[in-house]
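Right under this line is the structure:
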């Protein structure tokens, strides 16, 4: 059996990814041409400069969070940090890319970008609240699962074969000398958007845990499973509370009078059957289905994460419950002659949260072919990227848009511990990702 633990466990997409990468270094910036809001990159091996990253972050922040509301100004950039394992090239001769963390003023969010201009995952994170501080990773607990996913995407960029399709070929199939062309990247624009659906950011501590039984003299956290379920209930506005008032004042007098009782009831044995602890509270996601049914909801059972299905569910205005785990345990039974030797796989160290929105971004990429310093031909293509919104369940901390690929367990990182039977890393949620969809009231 496996339980989902709350705040202690759910921390990593950019802090671990970025924390693991955390050797901050000065690198040689490659000169690039600036054409309005366009960024011109000279060769497939060149990198985003700090100025490029700043321009892109401002563009992305405005497109995602302001959309058509041009009257709203994007907050000023107050800090930009470059992080990478190292600089230059690997022993195989492939470029080693890092990432930029671009922070906005008054803790109004941050954007994390790959240094590789041709990356398949150029946008790694986009949040409109808080700042990402690698010196204090405990202040961004919700990011650890996402951070490790980001780390994995960066690793994939660094492992790309030099002839991975990003090079250009002539009519005979030969790779064109990089000095004979350059690419110009247009600004990102949102071409499709849905959500976020939840209009409230719940947490796991005061006032929501006020009616729980103290443990070791302190109130335990409500638990990530209960917080995710309560968040979904807030969207459907059932049980019948004054959810409009709760949304306006999530920590107000009214919210503090009704939500603690809801969390207490959700945790009862016949519902989620929460197991409370002084720092961590957990429950089985299999209990979510029966709990929702007890409250008059309909839903499907727990099923493997599939982005196309999740995207369709969000598009029809229904939030999705998701769980993920940090550790995979493979235990092999003893083998006698030709019998036995089976492997039993279990998971531990999990978290649950809500997926309730997404953005599809597009940008124009123009590639100019050069002979003797003159552009003789230009080809145009368009890139699109999907980002999913995560409501992480810590009072809005680090809620934001993340690459959908970081939740794809078939592409996630495999970090092997010292014990032979355990695969994983604390707060790295790359395993056994499941969702509950079809939630209706």
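Numbering (the working numbering), first residue to last: 30 to 470. Backbone N, C-alpha and C fix where the C-beta goes; we use that ideal spot for every residue, glycine too. All figures in this text were calculated on a predicted structure; none of them were measured in a lab.
* To do: Use the C-beta contact count for residue 320: other C-beta atoms within 10 angstroms, 16 or more gives buried, fewer gives exposed.
  => Residue numbering aside, residue 320 sits at position 291 when the chain shown is read from its first letter. Buried, because 16 or more other Cβ atoms sit within 10 Å of the Cβ of residue 320.
* Closer than 7 Å by C-beta to residue 244: which residues in its own chain qualify, once you throw out the five before and the five after it? Chain order, please. => The residue given as residue 244 occupies position 215 in the chain shown. Within the same chain, residue 244 has close Cβ partners 305, 306 and 307.
* Asked: Nearest-angstrom Cα distance between residue 299 and residue 258?
  -> Residue mapping note: residue 299 aligns to position 270 of the chain shown, counting from 1. Residue mapping note: residue 258 aligns to position 229 of the chain shown, counting from 1. Distance between the alpha carbons of residue 299 and residue 258 is about 15 Å.
* Pull up the DSSP beta-bridge partners for residue 403, would you. => On the chain shown, residue 403 is found 374 positions in, with the first residue counted as 1. Residue 403 is bridged by DSSP to 400.
* To do: Identify which residue in 237, 108, 217 and 128 has its Cα closest to the Cα of residue 388.
  => Here residue 388 refers to the residue found at position 359 of the chain shown. Of the candidates 237, 108, 217 and 128, 217 places its Cα closest to the Cα of residue 388.
* Hey, could you find the ends of the alpha helix (DSSP H) residue 312 is sitting in? => The residue you call residue 312 lines up with position 283 of the chain shown. Annotation: residue 312 is outside any alpha helix (DSSP H) and is labelled neither H nor E by DSSP.
* Quick one: give me the first and last residue of the alpha helix (DSSP H) that residue 128 is part of. => Locating residue 128 in the chain shown gives position 99, counting from the first residue. Run containing residue 128: none in the alpha helix (DSSP H); it sits in the beta strand (DSSP E), 128 to 133.
* residue 83 versus residue 418: straight-line alpha-carbon distance, rounded -> Here residue 83 refers to the residue found at position 54 when the chain shown is read from its first residue. Here residue 418 refers to the residue found at position 389 when the chain shown is read from its first residue. Between residue 83 and residue 418, the C-alpha separation is close to 22 Å.
* Asked: Short check: CB of residue 232 to CB of residue 382, under 7 Å?
  -> Start at 1 with the first residue of the chain shown, and residue 232 comes out as number 203. Start at 1 with the first residue of the chain shown, and residue 382 comes out as number 353. By the CB criterion at 7 Å, residue 232 and residue 382 fall outside the cutoff.
* Asked: Thinking C-alpha only, which one of 393, 384 and 324 is nearest residue 470?
  -> As a position in the chain shown, residue 470 is number 441, starting the count at 1. Out of 393, 384 and 324, 324 has the C-alpha closest to the C-alpha of residue 470.
* **Through-space distance from residue 410 to residue 394, alpha-carbon basis** => Looking up residue 394 in the chain shown gives position 365. Looking up residue 410 in the chain shown gives position 381. Residue 394 and residue 410: Cα-Cα distance of roughly 5 Å.
* Asked: When burial is assigned at 16 or more other CB atoms within 10 Å of the CB, is residue 430 buried or exposed?
  -> Here the question's residue 430 lines up with position 401 in the chain shown. Residue 430 counts as buried, since at least 16 other C-beta atoms from the protein chains shown sit within 10 angstroms of its C-beta.
* Specify, as a first and last residue, the run of the alpha helix (DSSP H) that residue 346 falls within. => Against the chain shown, residue 346 aligns to sequence position 317. No alpha helix (DSSP H) contains residue 346, which DSSP labels as neither H nor E.
* residue 392 - DSSP class collapsed to helix/strand/coil -> Looking up residue 392 in the chain shown gives position 363. Correct three-state label for residue 392: strand.
* To do: Please go through the same chain and pick out, in chain order, the residues whose beta-carbon is closer than 7 Å to the beta-carbon of residue 283, but skip the five residues on each side of it.
  => In the chain shown, residue 283 corresponds to position 254, counting from 1. Excluding sequence neighbours, residue 283 sits near 271, 274 and 275.
* **Limits of the unbroken beta strand (DSSP E) element including residue 213** => The residue you call residue 213 lines up with position 184 of the chain shown. 210 to 214 is the span of the beta strand (DSSP E), which, as asked, contains residue 213.
* **Euclidean distance between Cα positions of residue 234 and residue 398** => Indexing the chain shown from 1 puts residue 234 at position 205. Indexing the chain shown from 1 puts residue 398 at position 369. Cα to Cα, the separation comes out at about 59 Å.
* Asked: Quick one, which of 141, 392 and 331 has its alpha-carbon nearest residue 154's?
  -> In the chain shown, counting from the first residue as 1, residue 154 sits at position 125. Selected option, being the one with the closest Cα: 141.
* **Beta-carbon gap between residue 133 and residue 104 smaller than 7 Å** => The residue labelled residue 133 in the question sits at position 104 within the chain shown. The residue labelled residue 104 in the question sits at position 75 within the chain shown. A contact, by the Cβ cut-off of 7 Å.
* To do: With a cut-off of 8 Å on the beta carbons, I'd call residue 467 and residue 329 a contact; round off their distance for me.
  => Counting from 1 along the chain shown, the entry for residue 467 is found at position 438. Counting from 1 along the chain shown, the entry for residue 329 is found at position 300. With a Cβ gap of about 4 Å, residue 467 and residue 329 count as contacting.
* What first and last residue would you give for the beta strand (DSSP E) that runs through residue 276? -> Locating residue 276 in the chain shown gives position 247, where the first residue counts as 1. Taken as a continuous stretch (DSSP letters only), residue 276 belongs to no beta strand (DSSP E), being part of the alpha helix (DSSP H) at 272 to 277.
* Asked: Leaving out five residues before and five after residue 349 in sequence, what residues of the same chain have Cβ atoms less than 6 Å from its Cβ?
  -> The count along the chain shown starts at 1 and reaches residue 349 at position 320. Once the five neighbours on either side are set aside, the close Cβ partners of residue 349 are 339, 342, 384, 464 and 466.
* **Start-to-end residues for the alpha helix (DSSP H) that takes in residue 89** => As a position in the chain shown, residue 89 is number 60, starting the count at 1. Where residue 89 is concerned, the enclosing alpha helix (DSSP H) stretches over 79 to 94.
* To do: Specify the secondary structure class of residue 13 as computed by DSSP and reduced to three states.
  => This structure gives no information on residue 13, because the portion of the chain shown stretches from 30 to 470.
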